[in-house]
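Below is one structure, written out as structure tokens, with a few remarks after it.
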Amino acid sequence: MKRYLLGALLGGLVMFFWGFLAHTVLPLGEIGMGQPTDEKLLLTALQSGLPAQQGVYFLPWMDSAKMADEAAMAEYALRTKTNPYALVIYQPIGRDATDMGAQLGLQWLGDTLAAGLLVWLVVAVGGTLGRAMTVATAVSVFAWLGTLGPFVNWYRFPLDFALANLVEQWIGWVLAAMAIRWVMRR
């Protein structure tokens, strides 16, 4: 049990610090993202054009209650063809983006819990370091296909953004699997 916990802790730390490196030193954290040409104008438009509640907003929007109405659907189809598309994650009340203490703690916790699941899989599969790395590859690709794959398809996430995330996850979990395997072999 002690080695399982140590494997989860070490795997979580490896993934956490790899994520830090990928986002601060390497360009992986910025691929597919861009800066608006007029941030102030956009923020003002969001404040006046969106409800005063946190949420995810699609532009153009179609009310699902009107999907049976052919005229409404035709009008929506026209709006989607002739307007830009946006997926907005909106928080009406700002937060200091440089105060990341709680977010870093949650990231480490999530990485450590996920590493605990990876420990379980690596032990269940057993065998060589190569097997552990194969398990990590399968897990990272599986998770990516189940989350960001649909986001690319349905929500139009940029492919370069999604592929950069795949590379980040794959490298991080393979490194974590190597650390986990090292702990479990001791």
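Going by the numbering used here, the letters in the sequence shown line up with residues 24 to 209, in that order.
Yeah, the Cβ is synthetic: ideal placement off N, Cα and C, and Gly gets one too.
{"Item": "Inter-residue Cα distance where the pair is residue 156 and residue 130", "Value": "22 Å"}
{"Item": "Span separating the alpha-carbon of residue 62 from that of residue 180", "Value": "20 Å"}
{"Item": "Validate contact between the stretch 70-79 and the stretch 115-133 using beta carbons, cut 8 Å, 3 pairs", "Value": "yes"}
{"Item": "Which of helix, strand or coil DSSP assigns to residue 81", "Value": "strand"}
{"Item": "Cβ pair count under 8 Å reaching 3, the stretch 162-181 against the stretch 45-52", "Value": "no"}
{"Item": "Residue 63: CB within 7 Å of a non-hydrogen atom of the ligand SAH", "Value": "This structure lacks the ligand SAH; in fact it carries no ligand of any kind."}
{"Item": "Inter-residue Cα distance where the pair is residue 160 and residue 197", "Value": "6 Å"}
{"Item": "Best match in 149, 166 and 142 for proximity to residue 191 [C-alpha to C-alpha]", "Value": "166"}
{"Item": "Neighbourhood of residue 51 by C-beta distance below 7 Å, restricted to the same chain and skipping five residues each side", "Value": "45, 187, 190 and 191"}
{"Item": "Residue 163 versus residue 94: straight-line alpha-carbon distance, rounded", "Value": "43 Å"}
{"Item": "From 97, 81, 128 and 135, residue whose alpha carbon lies closest to that of residue 110", "Value": "81"}
{"Item": "Residue from 96, 154, 133 and 208 whose Cα sits closest to the Cα of residue 32", "Value": "133"}
{"Item": "Residue of 35, 28 and 30 minimising C-alpha distance to residue 195", "Value": "35"}
{"Item": "Beta-carbon gap between residue 141 and residue 199 smaller than 8 Å", "Value": "yes"}
{"Item": "Other residues of its chain near residue 55: CB distance less than 7 Å, five sequence neighbours each side excluded", "Value": "181, 183, 184 and 187"}
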